[in-house]
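Contents: one structure, followed by commentary.
Number of protein chains: 2
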Amino acid sequence: MKIEILPKNENDAIQKEIISKIRDYINYKNLEPGDKLPSERKLSENFGVSRSSVREAIQTLEFYGLLKSKPQSGTFVADIGSVALNGMISDILRLEKPDFKSLVETRILLELKTVRLAALRRSKEELKEIEEALEAYATKVMSGEDAVQEDLLFHLAIAKASGNSTINTFMLTITPEIITNFTKYHVCDKNIAFIGIQEHRDIYEAIKKQDPQLAKEKMKVHFKMLYQYCYNIKD
Amino acid sequence: MKIEILPKNENDAIQKEIISKIRDYINYKNLEPGDKLPSERKLSENFGVSRSSVREAIQTLEFYGLLKSKPQSGTFVADIGSVALNGMISDILRLEKPDFKSLVETRILLELKTVRLAALRRSKEELKEIEEALEAYATKVMSGEDAVQEDLLFHLAIAKASGNSTINTFMLTITPEIITNFTKYHVCDKNIAFIGIQEHRDIYEAIKKQDPQLAKEKMKVHFKMLYQYCYNIKD
DNA sequence: TTTCTTAAATTGGTTAACCAGATTGGTTTT
DNA sequence: AAAACCAATCTGGTTAACCAATTTAAGAAA
Chain A
0 MKIEILPKNE NDAIQKEIIS KIRDYINYKN LEPGDKLPSE RKLSENFGVS RSSVREAIQT
60 LEFYGLLKSK PQSGTFVADI GSVALNGMIS DILRLEKPDF KSLVETRILL ELKTVRLAAL
120 RRSKEELKEI EEALEAYATK VMSGEDAVQE DLLFHLAIAK ASGNSTINTF MLTITPEIIT
180 NFTKYHVCDK NIAFIGIQEH RDIYEAIKKQ DPQLAKEKMK VHFKMLYQYC YNIKD
Chain B
0 MKIEILPKNE NDAIQKEIIS KIRDYINYKN LEPGDKLPSE RKLSENFGVS RSSVREAIQT
60 LEFYGLLKSK PQSGTFVADI GSVALNGMIS DILRLEKPDF KSLVETRILL ELKTVRLAAL
120 RRSKEELKEI EEALEAYATK VMSGEDAVQE DLLFHLAIAK ASGNSTINTF MLTITPEIIT
180 NFTKYHVCDK NIAFIGIQEH RDIYEAIKKQ DPQLAKEKMK VHFKMLYQYC YNIKD
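So the protein sequences, as listed, match chains A and B. Take 0 as the starting number for the first sequence in numbering that gives the first Met the number 0 and just add one per residue. Take 0 as the starting number for the second sequence in numbering that gives the first Met the number 0 and just add one per residue.
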């Protein structure tokens with residue numbers, strides 16, 4: 000059993016450096032929204048790194064909506080001003096992997112909203128998808144198997160029915176990490192899972208009845224143990 | 000003035016196809032959490048696409064936490080089960096660019112939380128950063144200039160002080176789009192911006208006093224016009 | 001048989017050359 | 001002078017060859 004100093008992913012560090020250089024370039028040249036960046040070739044030459052490294056850095060900044068590259072044309076600064084651009088890049092460079100506590104805290108916040116919206120807005124098709132996810136979860140639990148995945152898919156079905164694509168996306172991004180940690184720390188033991196079936200069913204019924212307040216209450220009940228867990232785990 | 004059928008970015012479509020094929024492969028081979036995918040070369044050969052296309056698709060899936068590639072070793076399936084993996088990839092493939100309405104709705108949700116948390120948890124340094132952002136905003140407005148960026152940076156400073164890295168990241172991802180739309184639709188006209196100064200100051204004071212309830216109330220006041228706007232704009 | 005050594009094969013990352021479409025600037029045409 | 005044309009150039013995207021670190025398995029040593 001060797002003690003590892005965390006590898007401190009070297010590649011991430013390189014990419015952050017490139018992103019930082021792109022920001023410096025934009026500032027130095029006073030590029031404004033819609034302006035074109037130099038070609039990938041010139042940037043890579045300029046920075047002394049490979050073109051694919053530059054491309055990856057650009058892809059990351061595209062993901063955050065700060066750049067937009069058009070084929071056979073160029074890479075362009077997004078329609079936000081330089082102040083916001085600088086502030087956001089600084090924040091992106093400083094970003095660290097979210098801690099589990101903040102993940103759970105955020106999940107609760109998001110889901111208390113999605114469940115209300117789902118009750119208000121769900122279509123018949125979306126309701127059916129939620130029901131199918133519910134049944135899949137119940138079946139898995141009754142057969143005595145671990146059902147963390149089916150649990151989360153039920154919640155994702157609700158997020159999808161909320162009609163808010165942004166929250167839906169956010170739920171998607173935090174779910175893998177949630178599943179990993181739940182499995183690792185055995186947050187959802189089998190005895191708890193049995194209770195979970197009824198709690199899920201209550202949530203489903205509230206959404207079916209289109210009662211947002213009730214849905215939120217039932218979700219709160221469902222999160223009760225999660226609340227405690229969230230505020231007791233060690234950082 | 001030509002009417003454009005939206006270009007329907009071809010590259011995105013190709014990447015989605017590759018992601019779909021990766022999912023199919025994982026299912027066909029019944030790969031489980033931690034299992035290794037074939038090398039990028041074999042995948043690209045298998046799919047009949049370039050290796051860099053495969054790499055980009057993998058990078059996207061890495062971003063969502065579904066894959067993890069290790070240098071000189073291989074690409075591995077994340078520690079989530081096949082059910083969740085399939086569900087999430089399906090959702091990712093179906094993701095569309097968030098509509099403005101959902102962005103604003105989500106922003107309000109997130110910020111009513113960050114402002115409470117910031118009041119509870121902010122350090123002296125973070126309080127000072129919020130104050131600086133406030134002053135920068137006020138100065139810009141008083142000089143009669145557009146201050147959408149400084150406005151959002153004030154809110155981002157609060158998000159940073161919330162101590163919740165997940166919400167902070169989410170705020171970062173939606174901010175550029177918010178700025179773009181606010182600028183485009185002139186949501187924050189100059190006369191409104193003047194009122195905004197005092198509203199910002201009220202929020203700042205509540206955070207300074209470490210009064211989460213007051214902070215939330217002041218943020219609600221600040222969002223009042225946004226509420227209306229959010230529920231009146233055309234889709 | 002088990003353990004250690006070591007060299008060949010495999011890996012993700014990098015580099016450089018190539019492609020087709022977009023851009024550009026000078027030329028021709030009107 | 002202004003519009004239309006066209007070829008040279010530049011662009012992001014793709015491909016293929018290369019690199020160094022890692023993994024592997026075959027063989028030597030115990």
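Every residue, glycine too, gets a C-beta built ideally from N, C-alpha and C.
Cβ shell of residue i (< 8 Å), same chain only, five flanking positions each side left out
i	result
I157 of chain B	E110, T113, V114, A117, I129, I202 and I206
K159 of chain B	E125, E128 and N167
G80 of chain B	E31 and P32
F75 of chain A	G33, D34, K35, L36, L66, K67, S68 and K69
I191 of chain B	M224
T182 of chain B	D145 and V147
F193 of chain B	V140
Exposed unless 16 or more other CB atoms sit within 10 angstroms - verdict on residue i
i	result
S101 of chain B	buried
T138 of chain A	exposed
P70 of chain A	exposed
E104 of chain B	buried
A12 of chain B	exposed
E176 of chain A	buried
D90 of chain B	buried
F169 of chain A	buried
G143 of chain B	exposed
K233 of chain A	With a pLDDT of only 47 at K233 of chain A, under 50, the local geometry of the prediction cannot be trusted, and no value is derived from it.
I173 of chain B	buried
L155 of chain B	buried
L235 of chain A	Any property of residue 235 of chain A remains undetermined from this structure, which presents chain A solely from 0 to 234.
Y27 of chain A	exposed
Cross-chain neighbours of residue i in chain B, by beta carbon under 7 Å
i	result
Q209 of chain A	Here the premise fails: no neighbours, minimum Cβ distance about 19 Å.
L152 of chain A	V82, A83 and G86
Under 9 Å by beta carbon: chain B residues contacting residue i
i	result
T74 of chain A	Correct list: empty, because the minimum Cβ distance to chain B is about 14 Å.
E128 of chain A	By Cβ distance, chain B contributes nothing, its closest Cβ being about 11 Å from E128 of chain A, past 9 Å.
L112 of chain A	In the sequence on display, residue 112 of chain A carries Lys and not Leu. Within 9 Å Cβ-Cβ: E104, T105 and L108.
P37 of chain A	Those within 9 Å of P37 of chain A in chain B number zero; the least Cβ separation is about 21 Å.
Beta-carbon proximity list for residue i, same chain, < 6 Å, skipping 5 on both sides
i	result
L119 of chain B	P211
F222 of chain A	I107
M0 of chain A	Any reading at M0 of chain A must be qualified, since the residue scores a pLDDT of 29, below 50, and its modelled position is unreliable; no value is offered.
L60 of chain B	L66
Y238 of chain B	Absent from the structure is residue 238 of chain B, since the part of chain B shown begins at 0 and ends at 234.
Proximal chain A residues relative to residue i, where beta-carbon distance stays under 9 Å
i	result
T196 of chain B	Before going further, note that residue 196 of chain B is Ile rather than Thr in the sequence given. Within 9 Å Cβ-Cβ: nothing; I196 of chain B doesn't reach chain A, min ~17 Å.
I202 of chain B	Ordered by position in chain A, no residue passes the 9 Å Cβ test against I202 of chain B, which lies about 18 Å from the chain.
7 Å CB neighbourhood of residue i in its chain, flanking five on each side removed
i	result
D145 of chain A	none
V220 of chain B	E198
L133 of chain B	F153, H199, R200 and Y203
S49 of chain B	S43
K20 of chain B	F46
R22 of chain A	N85 and I88
E131 of chain B	none
V82 of chain B	none
Q148 of chain A	I178
I17 of chain A	F46, V48, S52, V53 and A56
K15 of chain B	L92
G64 of chain A	A77
R121 of chain A	A160 and I206
Beta-carbon neighbours of residue i, restricted to chain A and to distances below 7 Å
i	result
N163 of chain B	S101, E104 and T105
G80 of chain B	Q148
Cross-chain neighbours of residue i in chain B, by beta carbon under 8 Å
i	result
I178 of chain A	D78, I79, G80 and A83
L155 of chain A	G86, M87 and D90
L171 of chain A	Y63, M87, D90, I91 and L94
I13 of chain A	Within chain B, no residue comes near I13 of chain A; the closest Cβ sits about 12 Å away, beyond 8 Å.
Interface residues of chain A facing residue i [CB-CB closer than 8 Å]
i	result
T138 of chain B	By Cβ distance, chain A contributes nothing, its closest Cβ being about 12 Å from T138 of chain B, past 8 Å.
Between the region 38 to 51 of chain A and the region 30 to 38 of chain B, can you find at least three pairs of beta-carbon atoms closer than 8 Å? no
Short-range partners of chain A found in the region 51 to 64 of chain B, where Cβ spacing is below 9 Å: S51, R54, E55, Q58, T59, F62, Y63 and G64
Does the count of Cβ pairs from the region 162 to 171 of chain A and the region 215 to 225 of chain A closer than 8 Å reach three? no
Is the region 47 to 58 of chain A touching the region 43 to 59 of chain B in the sense that three or more CB pairs, one from each, lie closer than 8 Å? yes
Name, going along the chain, the residues of the region 83 to 107 of chain A whose beta-carbon falls closer than 7 Å to a beta-carbon of chain B. A83, G86, M87, D90, I91, L94, E95, P97, D98, S101, L102, E104 and T105
Between the region 68 to 86 of chain A and the region 44 to 51 of chain A, do at least 3 Cβ pairs fall closer than 8 Å? no
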